[in-house]
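Enquirer: The following block contains the structure, expressed as structure tokens.
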Amino acid sequence: MRLLARIGGLGVVVAVLTAVSALHLGLIAFNNLTDFGTNQAFVHHVLAMDTTFRSPNLMWRAITSPGLADAAYIAIIAWEVLTALVLFAAVGAWLGGRPRARQLSTLGWLMMALLFGLGFLVIGGEWFAMWQSQEWNGLQPALQNFLLAAVGLVLAQLRPAKAS
6 MRLLARIGGL
16 GVVVAVLTAV
26 SALHLGLIAF
36 NNLTDFGTNQ
46 AFVHHVLAMD
56 TTFRSPNLMW
66 RAITSPGLAD
76 AAYIAIIAWE
86 VLTALVLFAA
96 VGAWLGGRPR
106 ARQLSTLGWL
116 MMALLFGLGF
126 LVIGGEWFAM
136 WQSQEWNGLQ
146 PALQNFLLAA
156 VGLVLAQLRP
166 AKAS
């Protein structure tokens with residue numbers, strides 16, 4: 006019975022969700038590195054705003070420089086790699102029973118929330134009007150990833166119930 010309580014306990018739940026998130030972010034980064042051109046085109050189109058409604062009131066925001074778009078894409082990949090590494094370090098800390106495990110999970114999910122919430126939902130979705138594009142709209146996957154991070158952050162901040 007004690008083993009079942011531990012398996013269903015908050016620490017195990019957070020550890021497993023951390024592992025899922027680490028693997029997920031690791032695969033995202035791996036795919037962006039090994040299939041660089043696919044999402045490179047995505048970033049270029051979003052920043053150029055070339056498939057939006059092209060309102061003159063918004064188009065001044067467009068970034069059409071390939072060099073700047075590539076720099077933004079490389080920064081995104083670097084952030085993904087760093088986030089995945091933090092989350093994998095958190096998994097190691099959970100497995101090793103180290104007290105910093107919860108803090109590392111929190112940091113990783115905060116980094117993930119910043120990438121997908123601030124980066125893709127706010128900046129990409131609203132500032133660069135990605136929501137207007139029929140072809141280059143990544144809001145749904147961004148929201149899914151943001152929500153995964155948000156759930157992780159909430160769970161990581163909960164404290165286990167006292168044993169009775």
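In case it helps, this note's numbering puts the sequence shown at residues 6 to 169. Think of the CB as a built atom: it goes at the ideal place given N, C-alpha and C, for glycine as much as any other residue. This one's a predicted model, so the numbers in the text were calculated from it and none came from an experiment.
Taking F35 as part of the alpha helix (DSSP H), name the residues at either end of that continuous run.
Expert: Your numbering for residue 35 matches position 30 in the sequence shown. Per DSSP, F35 belongs to the alpha helix (DSSP H) from 15-39.
Enquirer: Tell whether a beta-carbon distance below 8 angstroms holds between V51 and W141.
Expert: Reading the sequence shown from its first residue, position 46 is the one you call residue 51. Reading the sequence shown from its first residue, position 136 is the one you call residue 141. For V51 and W141, yes; Cβs fall inside 8 angstroms.
Enquirer: For W84, which residues of its own chain have a beta-carbon under 6 angstroms away from its beta-carbon, when the five flanking residues on both sides are left out?
Expert: For this step, residue 84 is matched to residue 79 along the sequence shown. Closer than 6 angstroms at Cβ, skipping near neighbours: L120.
Enquirer: Counting Cβ pairs, one atom from each stretch, are 3 or more of them under 8 angstroms apart for the stretch 9-24 and the stretch 156-168?
Expert: yes
Enquirer: Buried or exposed, going by whether 16 or more other CB atoms sit within 10 Å of the CB of M6?
Expert: The count along the sequence shown starts at 1 and reaches residue 6 at position 1. Interpretation of M6 is limited by its pLDDT of 44, a score under 50 that renders its predicted location unreliable; the figure taken from the coordinates is listed afterwards. So M6 ends up on the exposed side.
Enquirer: One question on the structure: do Y78 and Q108 come within less than 8 angstroms of each other, judged by their Cβ atoms?
Expert: The residue labelled residue 78 in the question sits at position 73 within the sequence shown. The residue labelled residue 108 in the question sits at position 103 within the sequence shown. Not a contact, by the Cβ cut-off of 8 angstroms.
Enquirer: I156 to D75, Cα distance in whole Å?
Expert: Here the question's residue 156 lines up with position 151 in the sequence shown. Here the question's residue 75 lines up with position 70 in the sequence shown. Looking at the sequence itself, residue 156 is Val, so the reference to Ile does not match. Taking the straight line joining both Cα atoms gives about 31 angstroms.
Enquirer: Please determine, among A106, S138, L28, the residue with the shortest C-alpha to C-alpha distance to A98.
Expert: Taking the sequence shown and counting its residues from 1, one reaches residue 98 at position 93. The option with the nearest alpha carbon to A98 is A106.
Enquirer: Hey, how far is the Cα of I82 from the Cα of L38?
Expert: If you number the sequence shown from 1, residue 82 lands on position 77. If you number the sequence shown from 1, residue 38 lands on position 33. Roughly 8 angstroms separates the two Cα atoms.
Enquirer: Which runs of the beta strand (DSSP E) spanning at least 3 residues fall entirely within the stretch 125-168, listed in chain order?
Expert: none
Enquirer: Between L152 and A134, what straight-line distance do the alpha-carbon atoms span, to the nearest angstrom?
Expert: Locating residue 152 in the sequence shown gives position 147, counting from the first residue. Locating residue 134 in the sequence shown gives position 129, counting from the first residue. Their backbone Cα atoms lie some 21 angstroms apart in a straight line.
Enquirer: Check each candidate in D55, E131, N150, P104 and name the one with the smallest Cα separation from M116.
Expert: Reading the sequence shown from its first residue, position 111 is the one you call residue 116. That would be N150, whose Cα lies nearest to the Cα of M116.
Enquirer: Does DSSP classify A80 as helix, strand or coil?
Expert: The residue given as residue 80 occupies position 75 in the sequence shown. The answer is helix: DSSP assigns A80 an H, G or I state.
Enquirer: Would you kindly check if the distance between the Cβ of T88 and the Cβ of L30 is under 8 angstroms?
Expert: For the purposes of this step, residue 30 is taken as residue 25 along the sequence shown, with counting starting at 1. For the purposes of this step, residue 88 is taken as residue 83 along the sequence shown, with counting starting at 1. The answer is yes: Cβ separation under 8 angstroms.
Enquirer: How long is the line joining the alpha carbons of L9 and Q162, rounded to whole angstroms?
Expert: The residue labelled residue 9 in the question sits at position 4 within the sequence shown. The residue labelled residue 162 in the question sits at position 157 within the sequence shown. With a pLDDT of only 48 at L9, under 50, the local geometry of the prediction cannot be trusted, and the value read off the model is given with reservation. The straight-line gap from Cα to Cα measures roughly 22 angstroms.
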